[in-house]
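Student: Just so we're aligned, residue 479 is where the sequence shown starts under the numbering used here, counting upward by one.
We treat Cβ as the ideally placed atom computed from N, Cα and C, and that holds for glycine.
Please read all numbers here as calculations on a predicted model, not as lab measurements.
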Amino acid sequence: MHAVAATARWTAAARAEESRREDAIFTDPYAEHLAGQEGTTLFARYDNPGVGAFIAIRTRYLDDVIRERAGRLTSAGRPGLGQVVLLAAGMDTRSVRLPWPPGTVLYELDQADLLAEKDKRLAELGARHACDRRPVGADLTGDWPRALREAGWDPSAPTLWVAEGLLFYLPEPAARRLLERAAEAGAPGSVLAGDLLSHQSMISEFSKEGLRRLTEDGCPWLFGTDEPEAFLSGCGWRVTELRMPGEDGASYGRWPWNPPLPREARGFPQNFLFVAARA
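(1) In whole angstroms, what separates the C-alpha of Ala708 from that of Asp570?
(2) Look at the Cβ atom of Asn736, then the Cβ atom of Arg536, and state whether they are nearer than 9 Å.
(3) With respect to the alpha helix (DSSP H) encompassing Glu658, which residues constitute its N-terminal and C-terminal limits?
(4) Taking the beta carbon of Ser679 as the centre, do at least 16 other beta carbons fall within 10 Å, making it buried, or is it exposed?
(5) For Arg572, count the other beta carbons within 10 Å of its own beta carbon; 16 or more makes it buried, fewer makes it exposed. Which is it?
(6) Here's a check: name, in chain order, each residue in its chain whose Cβ is nearer than 7 Å to the Cβ of Gly514, leaving out the five neighbours to either side.
(7) If you drop the 5 nearest sequence neighbours on each side, which residues of the same chain put their C-beta closer than 8 Å to that of Leu689?
(8) In this structure, how does DSSP classify Asp591 when only helix, strand and coil are distinguished?
(9) Name, in chain order, the residues that DSSP records as bridge partners for Phe746.
(10) Out of Asp542, Ala490, Arg575, which one is the CA nearest neighbour of Thr519?
(11) DSSP state of Tyr508, grouped into three classes?
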């Protein structure tokens with residue numbers, strides 16, 4: 479539990495740092511309080527070049543995906559996705575900081591203790607949820623689809639699944655099974671959005687020190703793939719959009735290297751942002 483909570487808090491600290499910028503690409507007024515001193519200290523420990531920038535880009539990218547697709551109707555008037563599931567929601571604050579279309583139901587899936595701690599901290603700030611937000615305490619290696627159904631999730635309706643900052647903390651078989659179960663449980667028309675780490679990030683000399691610190695702190699990175707389309711396809715998801723930070727649509731003026739490294743480059747850490755449809 480401690481490693482999971484620590485990861486959630488240092489990610490919140492990264493969002494707090496972005497929010498303090500005059501040119502912030504999103505604003506999370508709750509992040510600093512949710513991070514606490516532990517999160518701030520850990521973020522400083524892990525903040526290698528590009529880490530903070532990637533978290534900021536990932537946050538904004540997935541904010542945009544949710545804005546474009548969540549709701550019974552999208553902003554363009556097309557049928558949307560009325561239920562959204564955050565897999566390993568952690569200290570995510572989208573329920574209070576994003577505008578949500580009427581009728582949207584947001585399920586936050588994570589360990590019950592962590593969700594309770596977040597609820598407590600948000601209540602201290604007087605935060606108000608802008609959607610029908612339902613925390614679901616469950617283990618992602620257990621029968622979490624049943625826990626979702628008990629919270630009111632409708633498996634017959636399309637779902638927007640969000641897997642943010644999660645998959646690389648799982649062994650590859652566990653990551654595959656999680657996404658397979660989402661594909662099996664969700665209705666046709668469901669969408670998956672999230673991020674993947676490259677295998678190069680697991681073996682690069684530039685990642686070695688950061689990986690060592692994460693391992694020492696009990697939250698190692700365990701999985702990366704240089705073939706995200708093939709990995710997701712094997713889990714029941716067809717990639718409809720794939721971007722690397724710094725590319726058009728995944729830069730927001732925040733990526734420090736211009737132009738970004740080509741995807742075929744080897745020996746350098748790389749990340750992927752994706753949207754995929756249920757196959």
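Tutor: Inspection of the coordinates gives the following:
(1) Looking at the two C-alpha atoms, the distance is approximately 28 Å.
(2) In this structure, Arg536 does not lie closer than 9 Å to Asn736 by Cβ.
(3) Residues 650-663.
(4) With a threshold of 16 other beta carbon atoms within 10 Å, Ser679 meets it and is buried.
(5) Result: buried.
(6) Same-chain partners within the cutoff: Arg487.
(7) Residues of the same chain with a CB within less than 8 Å of the CB of Leu689, apart from the 5 flanking positions on each side, are Met680, Pro698, Trp699 in chain order.
(8) DSSP places Asp591 within a helical segment (H, G or I) once states are collapsed to three.
(9) Looking at the DSSP output, Phe746 shares a beta bridge with no other residue.
(10) It is Ala490 whose Cα lies nearest to the Cα of Thr519.
(11) Coil at Tyr508, not helix or strand.
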